[in-house]
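Protein chains: 2
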Amino acid sequence: MNMSSTPPAGSDFDALLNAKLRIVNRQLELLLSEQKEIQEDLRAALAYTLSAPGKRIRSALVLWCCEVVAGQDNHEARIAAAAIEMVHTYSLIHDDLPAMDDDDLRRGWPTCHKAFGEATAILAGDALLTLAFEVLASKIADAHLATELITQLARAAGAAGMIAGQMADLQAEHAAGSVELLEYIHTNKTAKMFRCAAVMGGLCGQAELGQRWGEPPQLDALARYGLKIGLGFQIADDILDVSASSEQLGKTAGKDVQAAKCTYPAVVGIEKSQQLERQLAQEAIDALQPFGERADILRHLADALLQRSR
Amino acid sequence: MNMSSTPPAGSDFDALLNAKLRIVNRQLELLLSEQKEIQEDLRAALAYTLSAPGKRIRSALVLWCCEVVAGQDNHEARIAAAAIEMVHTYSLIHDDLPAMDDDDLRRGWPTCHKAFGEATAILAGDALLTLAFEVLASKIADAHLATELITQLARAAGAAGMIAGQMADLQAEHAAGSVELLEYIHTNKTAKMFRCAAVMGGLCGQAELGQRWGEPPQLDALARYGLKIGLGFQIADDILDVSASSEQLGKTAGKDVQAAKCTYPAVVGIEKSQQLERQLAQEAIDALQPFGERADILRHLADALLQRSR
Numbered sequence: 027m028n029m030s031s032t033p034p035a036g037s038d039f040d041a042l043l044n045a046k047l048r049i050v051n052r053q054l055e056l057l058l059s060e061q062k063e064i065q066e067d068l069r070a071a072l073a074y075t076l077s078a079p080g081k082r083i084r085s086a087l088v089l090w091c092c093e094v095v096a097g098q099d100n101h102e103a104r105i106a107a108a109a110i111e112m113v114h115t116y117s118l119i120h121d122d123l124p125a126m127d128d129d130d131l132r133r134g135w136p137t138c139h140k141a142f143g144e145a146t147a148i149l150a151g152d153a154l155l156t157l158a159f160e161v162l163a164s165k166i167a168d169a170h171l172a173t174e175l176i177t178q179l180a181r182a183a184g185a186a187g188m189i190a191g192q193m194a195d196l197q198a199e200h201a202a203g204s205v206e207l208l209e210y211i212h213t214n215k216t217a218k219m220f221r222c223a224a225v226m227g228g229l230c231g232q233a234e235l236g237q238r239w240g241e242p243p244q245l246d247a248l249a250r251y252g253l254k255i256g257l258g259f260q261i262a263d264d265i266l267d268v269s270a271s272s273e274q275l276g277k278t279a280g281k282d283v284q285a286a287k288c289t290y291p292a293v294v295g296i297e298k299s300q301q302l303e304r305q306l307a308q309e310a311i312d313a314l315q316p317f318g319e320r321a322d323i324l325r326h327l328a329d330a331l332l333q334r335s336r
Numbered sequence: 027m028n029m030s031s032t033p034p035a036g037s038d039f040d041a042l043l044n045a046k047l048r049i050v051n052r053q054l055e056l057l058l059s060e061q062k063e064i065q066e067d068l069r070a071a072l073a074y075t076l077s078a079p080g081k082r083i084r085s086a087l088v089l090w091c092c093e094v095v096a097g098q099d100n101h102e103a104r105i106a107a108a109a110i111e112m113v114h115t116y117s118l119i120h121d122d123l124p125a126m127d128d129d130d131l132r133r134g135w136p137t138c139h140k141a142f143g144e145a146t147a148i149l150a151g152d153a154l155l156t157l158a159f160e161v162l163a164s165k166i167a168d169a170h171l172a173t174e175l176i177t178q179l180a181r182a183a184g185a186a187g188m189i190a191g192q193m194a195d196l197q198a199e200h201a202a203g204s205v206e207l208l209e210y211i212h213t214n215k216t217a218k219m220f221r222c223a224a225v226m227g228g229l230c231g232q233a234e235l236g237q238r239w240g241e242p243p244q245l246d247a248l249a250r251y252g253l254k255i256g257l258g259f260q261i262a263d264d265i266l267d268v269s270a271s272s273e274q275l276g277k278t279a280g281k282d283v284q285a286a287k288c289t290y291p292a293v294v295g296i297e298k299s300q301q302l303e304r305q306l307a308q309e310a311i312d313a314l315q316p317f318g319e320r321a322d323i324l325r326h327l328a329d330a331l332l333q334r335s336r
């Protein structure tokens, strides 16, 4: 049965996503509570930003990709999921700063610098980024797996990945956008982190099976899926920014247009954007072919993303 | 021969320090040049801040502690030295931001945000922090050593270390300073990173000898030395801020007084600060006893720190 043609009712998928969200939130709380010596005001800022109602899609992707490979998620995947969520959250805190996108609302709550001040927000972001690498290095017993996960995450999040995307995004404000520039921004700012999530999950799953990433085709397929779904996710986000309310978004709506951001709707129009999003979801699903039915949950995720921006 | 009682002429020690500085600078340049896909404006900001004339004391400490344990430095220690210098440099970039210490001059050059703008400076700091963990995870073949180094560095630099110190430092402005608060700030903001440098060097040296940190007394001694020398270094820095010119410092002099920072000269006076500095240098030297003459270079470093603030 190819579930992508018969997706579960939206609420079923939401229930599956929520189950993962609860796992990730519990893991994040546990990891933070284990850090006994954190400076107290920093702890408040970290607890606040980590408990804001995020969708946790990147971390769910880690857990699901581990399941697709190994039949179940595991301790390593939960640590990796928490780490990628920490890195994602740090990036939101820094992106929202006055010197960057200057945003007041995130995940429906006042942004970190609005709630705690700018200096604390900068430091809280730095602390989350640092903690992500600490937990990967100290909580995963297989040191080879840990260094591989750290390398993947650092590359996806670094100056040749997410940070490059944010840099290009800032520079593109008020510039004449091109499809090439858009692709560069979205690939780096968003899609590489989705790809990283999928690969990290796959690596944890292979470790579960006692394999040492000896099957590049599996990881390649997950990487391709992650990249496509990440691009599609960002286009859906761009579309939602124009079509949804601030309340629906949990962040300031219409912000991209106001800031003259380089987005797909701005450059190619809404209709072409939706068409591209459908195409990317299909390419993501195509990449899952080697896994057969085992990857149905990832097909549902692709479908769910398409529903989101309708 | 106890070299601490017959220190080499200042220029001899400077020559030894400069030799390490050149090794670290070469390593940093190499690691940056190997990063082919870094966004170009970020590369410019990273190259600028990494090539500013820093003293490289933390990274020299990594190399020297490796030598003390193993008789020579090695590839692992050079990677660790570059990583700690990246983390130190990121912390300077972020500390200098307008929302933090708001400084215009660093290492004699305009600060990163003065030269490249605030958004680029935030991202350049983020990128350096991320790159430090990437190189440790990807450039050190012994995965166990790599994860141990990453754990040490993340803990020293994180929300229970350097970031906690900076947070407390910001909060202490214009507050009534106490010696306890000063100790908390200096221990976290500076001394834990010095301790980390010493321990990382020791870990790399033990790996050189084929040992797997099975000799805690060695690492404990280095940790104690690093902590003491780090505290002494920060007190010397505080004293220099009151007594030296901006040109001598390479950063704005008198800045601490202006910002009503919590410093040793402000809380206990110059004379008591110098006395404390001498005491810490002696305690650092005492910690080196287990190493005998092999640790003379570390004794010279303690002596050199004392000379600095006279």
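Those protein sequences? They're chains A and B, same order as listed.
If you read the first sequence in my numbering, its first letter stands for residue 27, the second for the next number, and so on.
If you read the second sequence in my numbering, its first letter stands for residue 27, the second for the next number, and so on.
Cβ coordinates follow ideal geometry from the N, Cα and C atoms, glycine included.
- By the neighbour-count criterion, in which a residue is buried when 16 or more other Cβ atoms sit within 10 angstroms of its Cβ, A167 of chain B is exposed.
- In the DSSP assignment, the residues bridged to P136 of chain A are A:L131.
- The CB of R181 of chain A comes closer than 8 Å to the CB of E160 in chain B, given here in chain order.
- Put simply, the stretch 132–143 of chain B does not touch the stretch 199–212 of chain B. Fewer than three CB pairs are less than 8 Å apart.
- The continuous alpha helix (DSSP H) containing Q197 of chain B extends over residues 188–198.
- The three-state reading of DSSP puts S37 of chain A in helix, counting H, G and I together.
- Within chain A, the residues F159, E160, L162, A163, S164, A172, T173, I176 have their CB atoms less than 9 Å from the CB of I176 of chain B, given in chain order.
- Taking CB atoms only, D152 of chain B has a neighbour in chain A less than 7 Å away.
- For T289 of chain A, there is no enclosing alpha helix (DSSP H), as DSSP gives it neither H nor E.
- Going by DSSP, E297 of chain A is part of the alpha helix (DSSP H) stretching over 296–313.
- Judged by DSSP in its simplified three-state form, L175 of chain A adopts helix.
- At a C-beta separation below 8 Å, I148 of chain A has these neighbours in chain B: H120, L123, A125, M126, I148.
- Taken in chain order, the complete alpha helix (DSSP H) segments of 4 residues or longer contained in the stretch 75–162 of chain A are 83–96, 101–121, 138–142.
- The contact set of I189 of chain A on chain B, defined by CB atoms closer than 8 Å, consists of Q65, L68, L149, D152, A153, T156 in chain order.
- No Cβ-Cβ contact shorter than 7 Å links L123 of chain B with A103 of chain B.
- Counted as a single uninterrupted DSSP element, the alpha helix (DSSP H) harbouring F220 of chain B occupies residues 218–234.
- Within 9 Å of the CB of L72 of chain A, the CB atoms of chain B belong to A185, in sequence order along the chain.
- Under the three-state reduction of DSSP output, S269 of chain B falls in the helix class.
- Membership of R320 of chain A in any alpha helix (DSSP H) is not indicated, and neither H nor E is assigned to it by DSSP.
- By alpha-carbon distance to R334 of chain B, the top candidate from B:E174, B:R304, B:R320, B:L314 is B:R304.
- For E144 of chain B, at least one C-beta of chain A is nearer than 7 Å to its own C-beta.
- In terms of Cβ geometry, I176 of chain B and A185 of chain A do not form a close pair [threshold 7 Å].
- A182 of chain A is positioned such that its CB atom lies closer than 7 Å to that of K218 of chain A.
- Under the Cβ distance rule, M193 of chain B counts among the residues neighbouring chain A, one pair being separated by less than 7 Å.
- D67 of chain B and A194 of chain A have their C-alpha atoms spaced approximately 9 Å apart.
- A Cβ-Cβ separation of about 16 Å leaves L87 of chain B out of contact with L54 of chain B under the 8 Å criterion.
- Taking every protein chain shown into account, the CB of R84 of chain A has 16 or more other CB atoms within 10 angstroms, so this residue is buried.
- Within chain A, no C-beta atom comes nearer than 7 Å to that of L324 of chain B; the closest sits roughly 27 Å away.
- Rounded to whole angstroms, the gap between the alpha carbons of Q300 of chain A and I110 of chain A is 28 Å.
- Each residue's CA atom was taken as its position, placing S269 of chain A and Y116 of chain B some 39 Å apart.
- Judged by beta-carbon spacing, K254 of chain B lies beyond the 7 Å limit of L179 of chain B, meaning their Cβ atoms are not closer than that value.
- For a Cβ distance threshold of 7 Å, residue set A145 of chain B lies close to L196 of chain A, ordered along the chain.
- Sixteen is the threshold: since fewer than 16 other Cβ atoms of the shown chains lie within 10 Å of the Cβ of G97 of chain A, the residue is exposed.
- When Cβ-Cβ separations below 7 Å define contact, A247 of chain B makes no contact with chain A.
- With contacts defined by Cβ atoms closer than 7 Å, V50 of chain A and R82 of chain A form a contacting pair.
- Scanning chain A for C-beta atoms nearer than 9 Å to the C-beta of Q61 of chain B yields G184, A185, A186, reported in chain order.
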